[in-house]
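See structure below.
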Amino acid sequence: MTTESAPQTGVNKARVGVQRFGTYLSGMIMPNIPALIAWGIVTMFFIPDGFTPNSQLVTIVGPFIHYLLPILIAYTGGSIVYGVRGGVVASIGLFGAIAGSDYLIAQFNASLPGGDAPLGQVHMFIGAMIMAPLSAYTMKWLDSLWEGKIKAGFEMLVNMFSAGIWGFVMMIVGFYPIAWLVNGIMNVLSTAVNWLVSMNLLPLTSILIEPAKVFFLNNAINHGVLTPLGLQQAADSGSSILFLLEANPGPGVGLLLAFTFFGIGAARASAPGAALIQFVGGIHEVYFPYALMKPMLILALIAGGATGVTTNMLFGGSLAAPAAPGSIIAVSGQAISPAAGGVPNLLVVWLSVLLSATVTFVVSWVILRASRKRDLAAMAATDDAFGAAITQTEAAKGKSSDALSGLRGGAATGADGGIEPATMTERDIKNIVFACDAGMGSSAMGASVLRNKIKKAGIEDVTVVNKAIAALDGSADLVITQNQLTDRARKQTPGAVHISVDNFMNSPRYDEVVDLVRAQHDEKGA
Numbered sequence: 001m002t003t004e005s006a007p008q009t010g011v012n013k014a015r016v017g018v019q020r021f022g023t024y025l026s027g028m029i030m031p032n033i034p035a036l037i038a039w040g041i042v043t044m045f046f047i048p049d050g051f052t053p054n055s056q057l058v059t060i061v062g063p064f065i066h067y068l069l070p071i072l073i074a075y076t077g078g079s080i081v082y083g084v085r086g087g088v089v090a091s092i093g094l095f096g097a098i099a100g101s102d103y104l105i106a107q108f109n110a111s112l113p114g115g116d117a118p119l120g121q122v123h124m125f126i127g128a129m130i131m132a133p134l135s136a137y138t139m140k141w142l143d144s145l146w147e148g149k150i151k152a153g154f155e156m157l158v159n160m161f162s163a164g165i166w167g168f169v170m171m172i173v174g175f176y177p178i179a180w181l182v183n184g185i186m187n188v189l190s191t192a193v194n195w196l197v198s199m200n201l202l203p204l205t206s207i208l209i210e211p212a213k214v215f216f217l218n219n220a221i222n223h224g225v226l227t228p229l230g231l232q233q234a235a236d237s238g239s240s241i242l243f244l245l246e247a248n249p250g251p252g253v254g255l256l257l258a259f260t261f262f263g264i265g266a267a268r269a270s271a272p273g274a275a276l277i278q279f280v281g282g283i284h285e286v287y288f289p290y291a292l293m294k295p296m297l298i299l300a301l302i303a304g305g306a307t308g309v310t311t312n313m314l315f316g317g318s319l320a321a322p323a324a325p326g327s328i329i330a331v332s333g334q335a336i337s338p339a340a341g342g343v344p345n346l347l348v349v350w351l352s353v354l355l356s357a358t359v360t361f362v363v364s365w366v367i368l369r370a371s372r373k374r375d376l377a378a379m380a381a382t383d384d385a386f387g388a389a390i391t392q393t394e395a396a397k398g399k400s401s402d403a404l405s406g407l408r409g410g411a412a413t414g415a416d417g418g419i420e421p422a423t424m425t426e427r428d429i430k431n432i433v434f435a436c437d438a439g440m441g442s443s444a445m446g447a448s449v450l451r452n453k454i455k456k457a458g459i460e461d462v463t464v465v466n467k468a469i470a471a472l473d474g475s476a477d478l479v480i481t482q483n484q485l486t487d488r489a490r491k492q493t494p495g496a497v498h499i500s501v502d503n504f505m506n507s508p509r510y511d512e513v514v515d516l517v518r519a520q521h522d523e524k525g526a
């Protein structure tokens with residue numbers, strides 16, 4: 001049973017739609033990040049400019065990025081829609097798109113006047129994102145046409161031949177219209193990026209990227225545009241600045257440090273831990289709620305992001321492959337690659353992170369200080385009066401106190417609201433699921449926090465796991481999501497109880513969940 005939610009406005013529906021699209025893209029890319037890392041390691045060591053050049057092993061580099069990576073992405077996307085069957089058909093269709101793209105480029109190069117530089121290969125990452133849902137959904141629809149109408153004993157024959165025949169059809173579709181379309185898209189996007197670089201306007205992308213991240217729309221931009229274009233550039237020149245546009249951890253840690261020193265209440269108390277998780281762990285979602293608390297802070301993120309991009313543009317900072325997760329460790333690993341410039345490039349990337357964090361910190365400080373009195377008054381008017389009193393005491397002392405900070409840890413915040421016992425107790429809570437876009441970052445962190453609380457409470461027969469929203473099924477009794485994502489989670493699992501939190505790291509509702517589960521156990525024991 002779920003609590004009723006207000007009807008969505010047109011803006012909210014559009015936001016949820018873009019989030020769902022971004023989630024699907026993330027679901028295709030994120031499971032294949034290990035393959036991208038493996039490709040980055042191969043290039044790091046074995047290309048002519050690598051640490052250990054090898055004329056034999058370097059032959060892996062081209063086929064890896066041109067065939068294996070796009071096909072893995074297509075298979076993953078197809079399997080999300082229609083299991084293994086969808087993944088196989090999507091892979092067949094994409095292979096047609098790869099061959100079609102190569103054919104079109106070969107025809108174009110053959111027509112060039114002597115001396116003109118030929119076009120290079122287009123790697124079908126965007127093609128995979130198109131072919132996967134197209135192939136899998138159409139295969140699923142076709143299967144539904146004769147479901148239950150096949151005579152016993154002929155099911156395997158029909159299933160095998162129908163998938164093979166439809167895979168052949170999608171391969172032809174991939175070879176002609178999809179290959180032509182993707183080549184055109186890549187040409188337009190590459191031209192746009194090159195124009196921004198030539199006009200020194202690339203920092204303006206932060207005006208779009210930083211707000212998109214805060215509203216959980218970053219996956220659509222990062223995986224839909226930046227990663228495909230960056231991989232294309234990396235294949236051609238060894239590295240790309242595009243990998244740093246969204247993954248730079250500087251703006252996020254700058255914002256969290258500003259809350260650490262100048263924030264109030266529970267936000268200030270939780271900011272240091274969030275900064276560590278964001279900067280070292282690479283889970284950027286932890287700073288989104290802090291920016292949403294005061295949307296004016298998005299300006300600080302934009303300023304910091306633009307500073308980082310500008311620094312990398314001026315001094316040539318880039319990464320050899322996507323940094324996932326976007327931690328300083330992953331970013332440094334891809335920056336030190338000889339293909340990206342080795343140690344000098346690493347120093348440039350570190351400088352861009354430092355400057356972007358500094359600018360975000362300073363602008364955030366100005367915004368937080370300007371509204372401090374108003375924020376304290378607003379906090380005092382809520383049910384976090386205890387937290388406000390602690391903060392005001394610290395302000396009167398002129399310094400923070402470990403003892404007072406410890407007291408603040410027990411102060412509840414009203415941001416998340418409370419659990420309604422009448423609603424909750426109608427369902428026996430056995431399986432708790434934390435859900436986020438990719439199911440790997442912030443949700444894993446939240447699940448770990450609640451799992452530890454439940455373990456300390458001595459409750460043994462309740463499971464706490466993390467999943468992507470797209471992977472939610474009917475097995476969950478209770479689903480916990482960040483409030484920007486709850487509407488989508490409700491649509492995936494309408495039969496589960498849904499709880500929204502502002503922050504996966506430190507929500508008072510975790511204690512409420514533990515109390516609820518303990519009460520259910522005590523009731524059964526009685």
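Using full-length UniProt numbering, the first residue of the sequence shown is number 1, and each one after it goes up by one.
Every residue, glycine too, gets a C-beta built ideally from N, C-alpha and C.
Out of the options, state which residue places its alpha-carbon closest to the alpha-carbon of residue i.
i, options, result
"I209", "L299, V514, F175, S318", "L299"
"I459", "T52, M131, S91, V514", "V514"
"A323", "Y24, I65, V331", "V331"
"F125", "A136, L142, A110, F95", "F95"
"R369", "K294, Q56, A321, G78", "K294"
"L472", "A335, R490, D461, K455", "R490"
"L204", "V214, A303, Q232", "A303"
"N222", "L25, L69, W39, S190", "L25"
"Y290", "L314, L57, L257", "L257"
"G254", "V362, K373, I454, F168", "V362"
"R427", "L450, L478, N345", "L478"
"V280", "L189, P325, M296", "P325"
"F187", "P177, G148, Q232", "The sequence shown places Asn at residue 187, rather than the Phe named in the question. Minimum Cα distance to N187 is reached at Q232."
"G252", "G17, R372, L297, I264", "L297"
"T342", "T43, P70, H66", "It is worth fixing the name first, because residue 342 is Gly in this sequence and not Thr. It is T43."
Which residues share a DSSP beta bridge with residue i?
i, result
"F168", "Answer by DSSP bridge pairing: none, since F168 is not bridged."
"K455", "BP columns for K455 are empty, so no partner."
"T463", "N431"
"S240", "L319"
"A468", "C436"
"H498", "V479"
What separation, rounded to the nearest whole angstrom, lies between the Cα atoms of residue i and residue j?
i, j, result
"P118", "A106", "9 Å"
"L181", "G87", "22 Å"
"G153", "W166", "21 Å"
"S237", "A339", "8 Å"
"I480", "Q278", "20 Å"
"V158", "I150", "8 Å"
"W365", "L376", "16 Å"
"I80", "L142", "17 Å"
"D49", "M170", "39 Å"
"D102", "H498", "48 Å"
"L202", "W350", "19 Å"
"N194", "G120", "16 Å"
"A422", "Q520", "For A422, the pLDDT reaches just 37, beneath the cut-off of 50, and the residue's location in the model is therefore unreliable, leaving the point undetermined."
"I283", "L244", "15 Å"
"M199", "S239", "20 Å"
"G406", "F21", "Per-residue confidence for G406 stands at a pLDDT of 42, beneath the threshold of 50, marking its modelled position as unreliable; no derived number is given."
"P508", "R374", "24 Å"
"V214", "V501", "15 Å"
"G174", "I98", "8 Å"
"P494", "A476", "10 Å"
"P53", "G333", "18 Å"
"W146", "R451", "45 Å"
Among the residues of its own chain, which have a CB less than 8 Å from the CB of residue i, if the five just before and after it don't count?
i, result
"I172", "G96"
"V465", "N431, I432, V433, F434, A447"
"G100", "G174, F175, Y176, I178, A179, W180"
CB residue i to CB residue j, shorter than 7 Å?
i, j, result
"S135", "V89", "yes"
"S327", "I241", "no"
"A335", "S206", "no"
"A271", "F259", "yes"
"S356", "N248", "yes"
"N32", "L68", "no"
"G78", "A128", "no"
"T358", "L301", "no"
"G62", "A321", "no"
"S352", "G316", "no"
"V225", "N183", "no"
"L57", "F46", "yes"
If you drop the 5 nearest sequence neighbours on each side, which residues of the same chain put their C-beta closer than 7 Å to that of residue i?
i, result
"D522", "none"
"A470", "T23, Y24, G27, I80"
"V462", "I429, K430, I432, I454, V517"
Going by beta carbon distance, what residues of the same chain come within less than 6 Å of residue i, once the five residues before and after it are set aside?
i, result
"A74", "A90, S91, L94, A128, M131, A132"
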